[in-house]
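Asker: Supplied in C-alpha cells, the structure appears directly below.
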Amino acid sequence: MTNTPITTLYEQDFCLWLEETVASLKSGHLEKLDVENLIEEIETIGRSEKQALRSNLEVILMHLLKYKYQSEKRSNSWRYTLLEHRRRLEDSFQFSPSLRRYFLETFAYCYQGARKLASVETGMSITLFPLECPFTAEQVLDEDFLPE
Numbered sequence: 001m002t003n004t005p006i007t008t009l010y011e012q013d014f015c016l017w018l019e020e021t022v023a024s025l026k027s028g029h030l031e032k033l034d035v036e037n038l039i040e041e042i043e044t045i046g047r048s049e050k051q052a053l054r055s056n057l058e059v060i061l062m063h064l065l066k067y068k069y070q071s072e073k074r075s076n077s078w079r080y081t082l083l084e085h086r087r088r089l090e091d092s093f094q095f096s097p098s099l100r101r102y103f104l105e106t107f108a109y110c111y112q113g114a115r116k117l118a119s120v121e122t123g124m125s126i127t128l129f130p131l132e133c134p135f136t137a138e139q140v141l142d143e144d145f146l147p148e
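Each residue of the sequence shown is one higher than the one before, starting from 1 at the first, in the UniProt record's numbering.
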C-alpha cells in the first residue's frame with residue numbers, strides 16, 4: 001500500500017486507487033476506503049451499463065427501420081450490425097438480468113431516437129417512419145427477425 005492519501009490517489013493514479021481500494025475491501029480495512037469516490041464509481045458503472053444498452057437498442061431499431069423502409073438497399077452489413085448489437089444486448093442481460101426491465105422502460109424513448117437517426121441516415125422524412133415502434137421488444141431481440 002502507498003503512503004499517498006487515498007483521496008489524493010484517486011485524482012493522481014486511478015488504477016493504483018482501484019488496487020488500493022480492492023486491497024482495503026479484501027482485508028476488511030474499511031476505514032481506509034475513499035467512500036465518496038467509491039460510491040461515485042459504482043454509480044458510474046450502472047450508468048455506463050444503461051447507456052450501452054440504450055446505444056445498442058437505438059442501433060438495432062434504426063437498422064430495423066432502414067431494413068423495413070429501404071428494402072432496395074438491404075445488405076449483409078445491415079444484417080451483421082443487427083446481429084452484433086442483438087448479441088451485445090443478450091450479453092448484457094446475461095451479465096445483469098435486471099437490465100431487461102430497463103430495456104422495456106427505455107424502449108419507446110430509444111425508438112424515438114432511432115427514428116431520428118434513421119431519418120438522417122436515409123435522407124427520408126421522419127414523418128415516413130411511424131410514431132409508435134412497429135416492432136415488438138421480442139422481435140427486436142430475436143436474432144432471426146427481419147422485417148418485410
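No residue lacks a Cβ here, since even glycine has one placed at the ideal position from N, Cα and C. These figures come from a predicted structure and were not determined experimentally.
Assuming residue 110 contacts residue 47 under a Cβ cut-off of 8 Å, what Cβ separation, rounded to an integer in Å, is found between them?
Answerer: The Cβ separation is near 16 Å, so there is no contact.
Asker: Taking buried to mean at least 16 other C-beta atoms within 10 Å of its own C-beta, is residue 140 buried or exposed?
Answerer: Buried is the call here.
Asker: Do you know how far the Cα of residue 143 is from the Cα of residue 113?
Answerer: So the two alpha carbons sit approximately 22 Å from each other.
Asker: Counting along the chain, where does the alpha helix (DSSP H) carrying residue 43 start and finish?
Answerer: It spans 35-69 - the alpha helix (DSSP H) in which residue 43 sits, taken as one unbroken run.
Asker: Using CA coordinates, which residue listed in 105, 62, 17 is at the minimum distance from residue 147?
Answerer: Comparing Cα positions, the closest option is 62.
Asker: Please report how far the alpha carbon of residue 134 lies from the alpha carbon of residue 119, in whole angstroms.
Answerer: Roughly 15 Å between the two C-alpha positions.
Asker: The alpha helix (DSSP H) that contains residue 74, what's its start and end?
Answerer: It is not in any alpha helix (DSSP H) - residue 74 carries neither H nor E in the DSSP assignment.
Asker: Taking the alpha-carbon positions, what's the residue 17 to residue 73 distance?
Answerer: Each residue's alpha carbon lies about 50 Å from the other.
Asker: Considering residue 113, what are the terminal residues of the alpha helix (DSSP H) in which it resides?
Answerer: Counting along the chain, the alpha helix (DSSP H) containing residue 113 begins and ends at 99-122.
Asker: Where does residue 132 fall in DSSP's three states?
Answerer: In this structure, residue 132 counts as coil in the three-state DSSP scheme.
Asker: Alpha carbon to alpha carbon, how far is residue 97 from residue 44?
Answerer: Cα to Cα, the separation comes out at about 18 Å.
Asker: Whole angstroms are fine: how far does the CA of residue 57 sit from the CA of residue 129?
Answerer: About 17 Å.
Asker: Shortest alpha-carbon distance to residue 68 belongs to which of 115, 12, 13, 15?
Answerer: Out of 115, 12, 13, 15, 115 has the C-alpha closest to the C-alpha of residue 68.
Asker: Could you give the DSSP three-state label for residue 145: helix, strand or coil?
Answerer: Here residue 145 sits in coil by DSSP.
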